[in-house]
Amino acid sequence: MRDVSAVPKRRRTKLLLGGVCAVAIAVSSVALTTFAHADLTGPTGTTLKAAAERSGRYFGAAMGADRLSDSGFLTIANREFDMMTAVNEMKPDATEPQRGQFNFTNGDRIYNWAVQHGMRVRGHTLAWHAQQPWFWGSLSGSALRQAMIDHINGVMGHYKGKLAYWDVVNEAFAEDGSRRNSNLQQTGNDWIEVAFRTARNADPSVKLCYNDYNIENWSYGKTQGVYRMIQDFKSRGVPIDCVGLQTHFTGGSSLPSNFQTTLSSFAALGVDVALTEVDVTNSSTTQYAGLTQACMNVPRCVGITTWGIRDSDSWRGSENPLLFDRNSNPKPAYTSVLNALNAATTTVPGTSTSPSAPVSTSPSAPVSTSPSAPVSTSPSTPSGTGCTATYSTVNSWGGGYQGEVTVTNNGSSALGGWTVSLTLAGGQTLANIWNGINTGTSGRINVRNATYNGTVGANASTSFGFLVNGSTNTAPGTLSCTGS
Ligand code: 9MR
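Those letters in the sequence shown? Residues -38 to -1, 1 to 446, by mature numbering (1 follows the signal peptide of the UniProt record, and there is no 0).
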């Protein structure tokens, strides 16, 4: 066995990948793990994940497959985190080393370890200018476009129904807010929406994210460029569920005072937001506290992921930017994050059993070109057996809207499944649905639970979402919910 310890980390990953056989190990049958629902009145958490889960959020980390034999890393990961991202192992070069020949060996090892330890998994990433399969380098135009589509279908097919989020497209913008020039961009400006439409069809159960760095400062050109794209996608019904803000803070780009404005402004477009790759030079306690507080103040900020666990895991190791030191001890920034998580006063919509939890915050500086994005709720409609269905409009535009239905189990025992019926207004058609399966026809929709969200504990709730096209934005009529 060749000693790879002296090889740079990135190259070492490639050597390890090259050394494994192409037969993918089975993905564990453990699907999307469901979590305790938000309860701000409960005891404060003594771990990052417990503190985050109080408000319906997660606290995640990133790991490489090399950490699977690092007991120090695994001990902290298991104790503190409930979401995992693969650092390199689910990227295009790792998962499709030869055209049409996929290799999920290391991605599956990380996935299996994570779900077997009660975590969910963020997929990272499907289409990116970097870490591409080598054969993409000799393709262009429609051939490269097709290779991207095939890649998304191949990888998402393998992980179908297993992941909580996918970073469908990564880092596609330049600093000035224009599109980054890349071989993918040269296939046509619509490559990003094609990627998202392909992704939705490949796995309707997973939330689809756009992920980027330097989009934390609301007044920065790149932030505005990404915002306009999300706004455009929402207005045209291009499927997108979330924006990942990488949140790599360095000396030159530290926590901006308007970070919460950025988060709430994106959220007001009808997407979840998340901090996906957090690290801060020398682990500034004020910056770590501030970025956590900003997320906690925005209901649709669903979670925080640090890019590694200990400083020795970091791609910026010399800057000591993570929450644990090289001896696995929590640093002062750990305490500031833990305290900020426990101090959360907003909960993620759909996760709370508490009637007092606020549903949304308004952005403090929305851009004036925003389409109307009303957030309205209709009262719960109890009927059927054992559950109630509550509808809310997440976003609407001329020609359609995005709705969300929260299914709540009012009974004293768990439901094993549920079905919600609702009727669309005349002339409206269902364009898309996620976290549920439609078995109805045309305007009459019967949604039964997906494979992973049928079990709903007593007094707990879950939700599904959908997109409607139509000449009016009239909300659906009477809803009914039947539990089983
Ligand atoms: O941490 C990753 C490192 O091991 C790789 O060498 C590098 C190669 O591009 O990618 C790093 O992860 C990046 C992530 O995928 C996207 N955002 C920036 C991250 C840090 O570079």
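The beta carbon of each residue, even a glycine, is placed where N, CA and C say it ideally should be.
Considering only residues of the same chain and omitting the five flanking positions on each side of Pro95, which have a CB-CB separation below 6 Å? Pro54, Asp55 and Glu58
Can you give the Cα-Cα distance for Val418 and Asn176, rounded to whole angstroms? 39 Å
Say yes only if the C-beta of Gln93 is nearer than 7 Å to one or more non-hydrogen atoms of the ligand NAP, and no if none qualify. As presented, the structure is devoid of the ligand NAP, carrying the ligand 9MR as its sole ligands.
Below-8 Å beta-carbon distance, Leu146 vs any chain B residue: The structure shown contains no chain B, having only a single protein chain.
Check for me: the beta strand (DSSP E) holding Asn143 runs from which residue to which? Note, Asn143: premise wrong, no beta strand (DSSP E); not H, not E.
Neighbour-count burial assignment, Glu178, 16 or more Cβ in a 10 Å radius: buried
With respect to the alpha helix (DSSP H) encompassing Glu15, which residues constitute its N-terminal and C-terminal limits? Leu10 to Glu15
Where does the unbroken alpha helix (DSSP H) through Arg159 begin, and where does it stop? Trp153 to Ala164
Do Met81 and Met45 have their C-beta atoms within less than 8 Å of each other? yes
Thr212 burial status per 10 Å Cβ neighbour count (16 or more: buried): exposed
At which residues does the alpha helix (DSSP H) containing Phe21 begin and terminate? That residue, Phe21, is in no alpha helix (DSSP H); its beta strand (DSSP E) goes Tyr20 to Met25.
Could you tell me which uninterrupted beta strand (DSSP E) segments, each at least 3 residues in length, are contained entirely in the stretch 57 to 93, listed from first to last along the chain? 82 to 90
Closest by CA to Ile202, which one among Ser215, Lys169 and Asn143? Lys169
For Leu30, which residues from the same chain have a beta carbon less than 8 Å from its beta carbon, with the 5 sequence-adjacent residues on both sides left out? Leu36, Arg71, Ile72 and Trp75
Measuring only the C-alpha atoms, how far is Phe428 from Thr350? 18 Å
If you compare alpha carbons, which of Thr381, Thr436 and Thr403 is closest to Phe426? Thr381
Leaving aside the five residues before and after Ile399 along the sequence, list all residues of the same chain whose C-beta is less than 8 Å from its C-beta, in chain order. Val409, Arg410, Asn411 and Ala412
Same chain, Cβ closer than 8 Å to Asp287, neighbours up to 5 away in sequence not counted: Arg272, Asp273 and Lys293
Does the beta carbon of Val77 fall short of 7 Å from some heavy atom of the ligand 9MR? no
At what residues does the beta strand (DSSP E) containing Arg406 begin and finish? Arg406 to Asn411
Would the stretch 83 to 100 and the stretch 132 to 152 be scored as touching if the rule is three or more Cβ pairs under 8 Å? yes
Label Leu441 either buried or exposed according to how many other C-beta atoms from any shown protein chain fall within 10 Å of its C-beta, with 16 as the threshold for buried. buried
Rounded to whole angstroms, what is the Cα-Cα separation between Ser332 and Glu137? Below a pLDDT of 50, predicted positions are generally treated as unreliable, and Ser332, at 34, falls in that range; no measurement from the model is reported.
Selected residue, minimal CA-CA separation from Ala161, among Asn173, Gln193 and Trp128: Trp128
Determine whether the beta carbon atoms of Gly270 and Tyr20 lie at a separation below 8 Å. no
Let me know if Asn151 comes out buried or exposed under the rule of 16 or more other beta-carbons within 10 Å of its beta-carbon. exposed
If you follow the alpha helix (DSSP H) that Phe228 is part of, which residue opens it and which one closes it? Phe221 to Ala229
Using a threshold of 7 Å, is the CB atom of His(-2) nearer than that to any non-hydrogen atom of the ligand 9MR? no
Identify every residue that forms a DSSP beta bridge with Val418. Leu377
In three-state DSSP terms, what is His120? helix
Here's the rule: buried if 16 or more other CB atoms are within 10 angstroms of the residue's CB, otherwise exposed. What is Arg198? exposed
Provide the residue span of the alpha helix (DSSP H) that contains Val299, from first to last. Pro294 to Asn304
Drop a sphere of 10 angstroms on the beta-carbon of Pro261, count the other beta-carbons inside from all chains shown, and report buried for 16 or more, exposed for fewer. buried
For Val310, the three-state DSSP class (helix, strand or coil): coil
Continuous alpha helix (DSSP H) stretch holding Gly252: start and end: Thr247 to Met258
If Ala251 and Ala302 are in contact, beta carbons under 8 Å, what's the gap, nearest whole angstrom? 5 Å
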